[in-house]
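This report concerns only the one structure given below.
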């Protein structure tokens, strides 16, 4: 029976195997998951879910979610993408979402960093200051 | 009107809001007052985390993929998946003179219904204690008003003196007496316009106590007019372990403000046993490795870093001080348990209260043999040193002789005299609660006893003798008392005057 700590350690080791030059390699990740499922060892499910969590966090670190009150034109999207790549390195991929709830402005989330320039956030800050 | 519109429009057009980067995370797991948060990559240790709904958390464990946050306040409104954000600020509490006379919680928020606390300064809860260079030796006394302490176990300003004993032995009462004594001295100095007197402000930190006990203490302090010089920081048993763990540190921050501003302050931690239990709970929930009695490995550091913050700082650094009176509750008088030994080794002495003495009617139930003040007589006024210098040794000798005398053998007159004197001194040190005695009266009374005036007074009438003598001195010999208080030493002339007064009193006393 593996302890939670052992599972965590093993998941981290597997995860490190999937990194190429500090970036997650999709091919290797698929290979690792495939092999593990095929091996049918005990406690694999727990290990896989821990592995999935690490992959998810790594994915979130390199994914930018750009929300805007209005759909953004292609040239603006390209310039945002370029700015993000300058700040966070070339591995970053941006996804654009249209969210009218922001009222106006834009909100960008990369990993645990948030740049909130939306009207909604400013209204919330104003409300808090009262 | 049109001008105003145009102006507003121009201002709107010119307005540009700077967008700051924020650090956010998502609650992954929540329970037992601890939230585990994914994200928050830039969180600092002890940083305040805004959990939404006006609830604050404190980042205590920074791990590779998550941050464990203790929640200060009600966590029933928080859910898994909620977004939280780092504030970039360490936990801090309001400090300053505006807190005097108030009852606040761990975060410095008022709980006495007297409106907001007037304070524009905040201090971080965790702060490194003053270093060696800034400190100066402890010299000035804290007049507790309790004769046994002021005479035999003197406490100095900037000292850390542990008060230790079983349940219901009068630990809290001792501290409340001290607070009342300070309030009386402060008020007397204020009324007399005495510029030389350094007022001593008090902070009472209640950790894990019953709300009813805290309410009672506040009532006693109010009745004695001590609240204007006192802050009560209450973290009752119904508070979360996180709040109880932080309460003494918040109190220390409030005391440090006084110290930094060249004022003397006294802080009472009531009590550190419950504080250690609260910290143990947090550590276990945070899955930190546990050691002896399941306390975490850093429970010694927890108390040493707290008590190190009590200090007297030098003239160059404002000459303020923070005196700490931590309380520890023992189980069945066992001082060799884990937490008591830790705190005994950290502090500059301890006042040990015994259950047996308490039930024998010796109150305050101070065990003279086990109590000690390592700063010692450096923090005593000269007059007290003159009359009480030998007292501790005499009493220790008396205990030894009294044990020997139990065998009922014939005693030589010298031994008998020592035993008789000891019995009378013990009577003398009995003192009712909430009635501190001014130091000049203490000096005069002990002086009279040392001169042998009570040797022919029956033991059961010593208390009556003392009460009448005090009354006689305070009503008819105020000049003598004033001289003792002012000169702070007993000159030949003063001793003669004191003897003269004692002779006068003795003639009238029956």
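Protein chains in written order, with the numbering used here: chain A, 4 to 133; chain B, 2 to 511.
Think of the CB as a built atom: it goes at the ideal place given N, C-alpha and C, for glycine as much as any other residue.
Cβ neighbour criterion (16 or more within 10 Å) applied to residue i
{"i": "residue 94 of chain B", "result": "buried"}
{"i": "residue 17 of chain B", "result": "exposed"}
{"i": "residue 446 of chain B", "result": "buried"}
{"i": "residue 71 of chain A", "result": "buried"}
{"i": "residue 433 of chain B", "result": "exposed"}
{"i": "residue 183 of chain B", "result": "buried"}
{"i": "residue 41 of chain A", "result": "exposed"}
{"i": "residue 304 of chain B", "result": "buried"}
{"i": "residue 134 of chain A", "result": "Look at the range of chain A in this structure, 4 to 133, and you will see that residue 134 of chain A is not part of it."}
{"i": "residue 272 of chain B", "result": "buried"}
{"i": "residue 389 of chain B", "result": "buried"}
{"i": "residue 122 of chain A", "result": "exposed"}
{"i": "residue 38 of chain A", "result": "exposed"}
{"i": "residue 29 of chain A", "result": "exposed"}
{"i": "residue 314 of chain B", "result": "buried"}
{"i": "residue 226 of chain B", "result": "exposed"}
{"i": "residue 2 of chain A", "result": "With chain A represented from 4 up to 133, any question about residue 2 of chain A goes unanswered, as that position is not in the structure."}
Range of the contiguous beta strand (DSSP E) that encloses residue i
{"i": "residue 66 of chain A", "result": "66-71"}
{"i": "residue 205 of chain B", "result": "201-208"}
{"i": "residue 117 of chain A", "result": "116-119"}
{"i": "residue 320 of chain B", "result": "That residue, residue 320 of chain B, is in no beta strand (DSSP E); it is neither H nor E in DSSP."}
{"i": "residue 236 of chain B", "result": "231-236"}
{"i": "residue 125 of chain B", "result": "122-125"}
{"i": "residue 265 of chain B", "result": "265-271"}
{"i": "residue 353 of chain B", "result": "350-354"}
{"i": "residue 40 of chain B", "result": "35-40"}
Under 8 Å from the C-beta of residue i: neighbouring residues of chain E
{"i": "residue 60 of chain A", "result": "The structure shown has no chain E; the protein chains it does contain are A and B."}
Three-state secondary structure assigned by DSSP to residue i
{"i": "residue 103 of chain A", "result": "helix"}
{"i": "residue 38 of chain A", "result": "helix"}
{"i": "residue 187 of chain B", "result": "helix"}
{"i": "residue 33 of chain A", "result": "helix"}
{"i": "residue 182 of chain B", "result": "helix"}
{"i": "residue 422 of chain B", "result": "helix"}
{"i": "residue 198 of chain B", "result": "coil"}
{"i": "residue 170 of chain B", "result": "coil"}
{"i": "residue 280 of chain B", "result": "helix"}
{"i": "residue 84 of chain B", "result": "strand"}
{"i": "residue 260 of chain B", "result": "helix"}
{"i": "residue 303 of chain B", "result": "helix"}
{"i": "residue 58 of chain A", "result": "helix"}
{"i": "residue 393 of chain B", "result": "helix"}
{"i": "residue 487 of chain B", "result": "helix"}
{"i": "residue 49 of chain B", "result": "strand"}
N-terminal and C-terminal residue of the alpha helix (DSSP H) that residue i is part of
{"i": "residue 380 of chain B", "result": "That residue, residue 380 of chain B, is in no alpha helix (DSSP H); it is neither H nor E in DSSP."}
{"i": "residue 287 of chain B", "result": "Note, residue 287 of chain B: premise wrong, no alpha helix (DSSP H); not H, not E."}
{"i": "residue 471 of chain B", "result": "463-477"}
{"i": "residue 10 of chain A", "result": "7-20"}
Own chain, CB closer than 8 Å to residue i, minus 5 neighbours either side, in chain order
{"i": "residue 79 of chain B", "result": "28, 31, 36, 52, 53, 54, 56, 72"}
{"i": "residue 386 of chain B", "result": "378"}
{"i": "residue 442 of chain B", "result": "471, 474, 475, 482"}
{"i": "residue 23 of chain A", "result": "31"}
{"i": "residue 263 of chain B", "result": "319, 320, 321"}
{"i": "residue 398 of chain B", "result": "419, 423"}
{"i": "residue 354 of chain B", "result": "164, 165, 166, 167, 170, 171, 172, 175, 365, 366, 367, 368"}
{"i": "residue 122 of chain B", "result": "95, 96, 97, 258"}
{"i": "residue 25 of chain B", "result": "40, 41, 84, 85, 86, 87"}
{"i": "residue 91 of chain B", "result": "45, 47, 48, 49, 125, 126, 127"}
{"i": "residue 469 of chain B", "result": "506, 510"}
Contacting residues, own chain, Cβ-Cβ under 6 Å from residue i (five flanking each side not counted)
{"i": "residue 46 of chain A", "result": "5"}
{"i": "residue 160 of chain B", "result": "139, 324, 349, 376"}
{"i": "residue 101 of chain A", "result": "74"}
{"i": "residue 486 of chain B", "result": "441"}
{"i": "residue 141 of chain B", "result": "158"}
{"i": "residue 179 of chain B", "result": "145"}
{"i": "residue 256 of chain B", "result": "204, 266, 268, 323"}
Close beta carbons around residue i, own chain, < 7 Å, minus the five adjacent residues each side
{"i": "residue 118 of chain B", "result": "95, 99, 100, 103, 105, 109, 111"}
{"i": "residue 186 of chain B", "result": "144"}
{"i": "residue 14 of chain A", "result": "50, 53, 54, 57"}
Check whether the region 333-344 of chain B touches the region 288-308 of chain B, counting contact only when three or more Cβ pairs, one atom from each stretch, lie closer than 8 Å.
yes
Tell me, please, whether the region 53-67 of chain A touches the region 15-32 of chain A by the rule of three or more beta-carbon pairs shorter than 8 Å.
yes
Are three or more beta carbon pairs between the region 38-47 of chain B and the region 100-119 of chain B nearer than 8 Å?
Contact between the region 38-47 of chain B and the region 100-119 of chain B is not established, with fewer than three Cβ pairs separated by less than 8 Å.
Pairs of beta-carbons, one from the region 390-397 of chain B and one from the region 143-158 of chain B, closer than 8 Å: are there three or more?
yes
When you compare the region 409-426 of chain B with the region 168-175 of chain B, are there three or more beta-carbon pairs, one atom per stretch, that lie closer than 8 Å?
no
Does the count of Cβ pairs from the region 422-433 of chain B and the region 454-463 of chain B closer than 8 Å reach three?
yes
Examine the Cβ distances between the region 190-206 of chain B and the region 226-240 of chain B and report whether three or more of them are shorter than 8 Å.
yes
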